Every structure is written in C-alpha cells, then in structure tokens.
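Those letters in the sequence shown? Residues 10 to 216, per the working numbering, in order.
Just so it is clear, CB atoms sit at the ideal spot from N, CA and C, and this is done for glycine as well.
The model shown is predicted, which means the values in this text are computed figures rather than measured ones.
Presented below is the structure to which this report refers.
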Amino acid sequence: MLLMSGGTVAFVLRDRWLPGGTASPTTGPTAPTGAPATTGDDTRPTATATTQAVPTATTPAAPTLPASVGTVRLDPSLDPVQAPAVAAVFDTYFSAVNSRNAGAALAVMDPSGSINQNDSSAVRRFSDGISTSTDDDILLLTLGPDSSGKGLLQARVTFRSRQDPGKGPKGRESETCTRWDVTYSITKPGGGDYRIWGSTSAGNRPC
Numbered sequence: 010m011l012l013m014s015g016g017t018v019a020f021v022l023r024d025r026w027l028p029g030g031t032a033s034p035t036t037g038p039t040a041p042t043g044a045p046a047t048t049g050d051d052t053r054p055t056a057t058a059t060t061q062a063v064p065t066a067t068t069p070a071a072p073t074l075p076a077s078v079g080t081v082r083l084d085p086s087l088d089p090v091q092a093p094a095v096a097a098v099f100d101t102y103f104s105a106v107n108s109r110n111a112g113a114a115l116a117v118m119d120p121s122g123s124i125n126q127n128d129s130s131a132v133r134r135f136s137d138g139i140s141t142s143t144d145d146d147i148l149l150l151t152l153g154p155d156s157s158g159k160g161l162l163q164a165r166v167t168f169r170s171r172q173d174p175g176k177g178p179k180g181r182e183s184e185t186c187t188r189w190d191v192t193y194s195i196t197k198p199g200g201g202d203y204r205i206w207g208s209t210s211a212g213n214r215p216c
C-alpha cells in the first residue's frame, strides 16, 4: 500500500528578486516584475511515496511442557496444557508438608475429599502424620481420566519420604526412608482450581 506523506511534499521557489524591487545581477533575460524567475529545473511540488509493511498473521506457538514446576518434575509424555497446573498443586502440597504447615497442605485439598476438614480430629491426625516428614524426588508420572469416579483426573505421583522412627508406613513404622507410588484423584470444585481429593491407591517400599 502506498501512502502519500504530507511531510515529504516540498515547494521550491527560487526568487531572483531582492527586497525593495531591485533585481540581482543576471546574465540572462530579466523576468517581468512581480513574476517569479524560473530556471531549467522543474520546480513543481514533488511527493515522495513511502511503502508501509502489511502485518502478516502468525500462528500461536504450541505450549511446551516444562521439565519441572517448583519441586515437582514432569514426565515428558504428559499433556503440556493440563500437567503444569496439576503439578503446581502438588508443588504447593509437598512444600507445605515439608514446612510442617498442615493448613497450607489442606488448602489445596478438596473440602469434600478424603479428609474431612470440618473434623478437628481428622485434621489433627493429618497434622501429626506429616509432623516429621520431608518429601523429595517428586515426579508427576501420569495424568488421565479418573476411573474411580471421585474426580476429573487421576495423577500418578512417585516420591521419597523421610520421617522419624515410629512415623513410617503401616507395618513398618520404624522405617525412616520410604519410596512411594501413589495415585491421586484430582477434582476442580465449582470449575475453579484443581484440588487433591485424596489417594485411590498407594504402594511403598523401603529406600
């Protein structure tokens, strides 16, 4: 598209008459009084055309899967649209566990889930259960539809826990280092943020 730039239009008038009506010395014919002198050059107004680039449509880049979200690593096979948001929930949860903050951990759990947050004894048991735990090597391994019917998604997470003697898994309470493989149901109450309903299956072994 060609645009006419008003700033580039220049009028050039070469007046050979000095103020007061006295002509300057010339070697050619004298122009009539009151008429502008002319030269061999074409002194008509000229315009310079400029070309404006036309924007071209670009295709939005496809989302990419990050290697990790906070403390949670993501398996490369995961959906780059859903997985980062789910991983962010687990990052908040495990960070709260590691800081012994039961309230912050419960905040990313579904209130209607496996822990009744209105039951003070249930909250106390949960708080006591994480009181010496430190979790690391966290991997969001798979993410898909929740076949249990408890949530929208099922997330399989593996991690390592370290805890004081007496706080180990059932039957191995004296264990201080445990490897976990847990499948969680993930909900989205009211269409808002993802929440952890609770675990639907769990396996564990000593480190």
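Around the beta-carbon of K179, fewer than 16 other beta-carbon atoms lie within 10 Å, marking it exposed. Taking 4 residues as the minimum length, the region 133-168 contains no alpha helix (DSSP H) run wholly inside it. When DSSP states are grouped into helix, strand and coil, A76 belongs to the coil group. Within the DSSP bridge table, the entry for I205 names M118, I195 as partners. Taken through DSSP and simplified to helix, strand or coil, D100 comes out as helix. For L83, the uninterrupted beta strand (DSSP E) segment begins and ends at 81-83. Comparing alpha-carbon positions, the option among A71, L74, M118 lying closest to G201 turns out to be M118. Pairing R181 with P215, the inter-Cα distance amounts to about 9 Å. In the three-state reduction of the DSSP assignment, A105 falls in the helix class, which pools H, G and I. R204 sits close to T196, with the two beta carbons spaced by under 9 Å.
A Cβ-Cβ distance of about 19 Å is found for the pair I139 and A164, leaving them out of contact under the 8 Å criterion.
By the Cβ neighbour-count rule, A94 is exposed, with fewer than 16 other Cβ atoms within 10 Å of its own. Using a 10 angstroms sphere on the CB of V106, the tally of other CB atoms reaches 16 or more, which defines it as buried. Taking the Cα of R109 as reference, the smallest distance to any Cα among G199, D84, D144 is reached at D144. D190 and T68 have their alpha carbons spaced roughly 40 Å apart. Spanning the alpha carbons of R171 and L150 requires a straight line of approximately 21 Å.
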